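Peer 1: First the structure, which I've put down as structure tokens, then a few questions once you've had a look.
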Amino acid sequence: MQSIDELAREIMDLTPSQQQALLERVAQLNLQKGLRELAEKYRARLRGKGELNMPSEQVWAELHRIREEIAANDYPS
520 MQSIDELARE
530 IMDLTPSQQQ
540 ALLERVAQLN
550 LQKGLRELAE
560 KYRARLRGKG
570 ELNMPSEQVW
580 AELHRIREEI
590 AANDYPS
């Protein structure tokens with residue numbers, strides 16, 4: 520594996536548009552990595568609560584219940 524200094528020198532030799540493309544790609548990869556890590560944490564949380572394999576209909580029903588509860592609390596008639 521290259522050292523940080525070697526990589527930095529290679530990046531400096533790139534054109535500005537290549538550097539921009541590289542930065543955009545790194546940002547995209549970091550976002551994907553972060554989303555994968557977040558998804559795994561959420562799966563672990565659901566697994567711990569025994570809800571990982573909950574049917575989608577049950578998930579939607581729970582989301583609807585939560586939405587109704589929030590609406591009733593935040594916007595009473």
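First residue of the sequence shown? That's 520 in my numbering, and the numbers climb one at a time after it. Even for Gly, the Cβ is constructed at its ideal location relative to N, Cα and C. All figures in this text were calculated on a predicted structure; none of them were measured in a lab.
Is the beta carbon of glutamine 521 sitting closer than 9 Å to the one on glutamate 529?
Peer 2: For glutamine 521 and glutamate 529, yes; Cβs fall inside 9 Å.
Peer 1: Determine, using beta carbons only, whether arginine 562 and leucine 571 come nearer to each other than 9 Å.
Peer 2: Against a cut-off of 9 Å, the Cβ pair of leucine 571 and arginine 562 comes out as a contact.
Peer 1: Would you kindly work out how many angstroms separate the C-alpha atoms of glutamine 537 and glutamate 581, rounded to a whole number?
Peer 2: Computed Cα separation, rounded: 47 Å.
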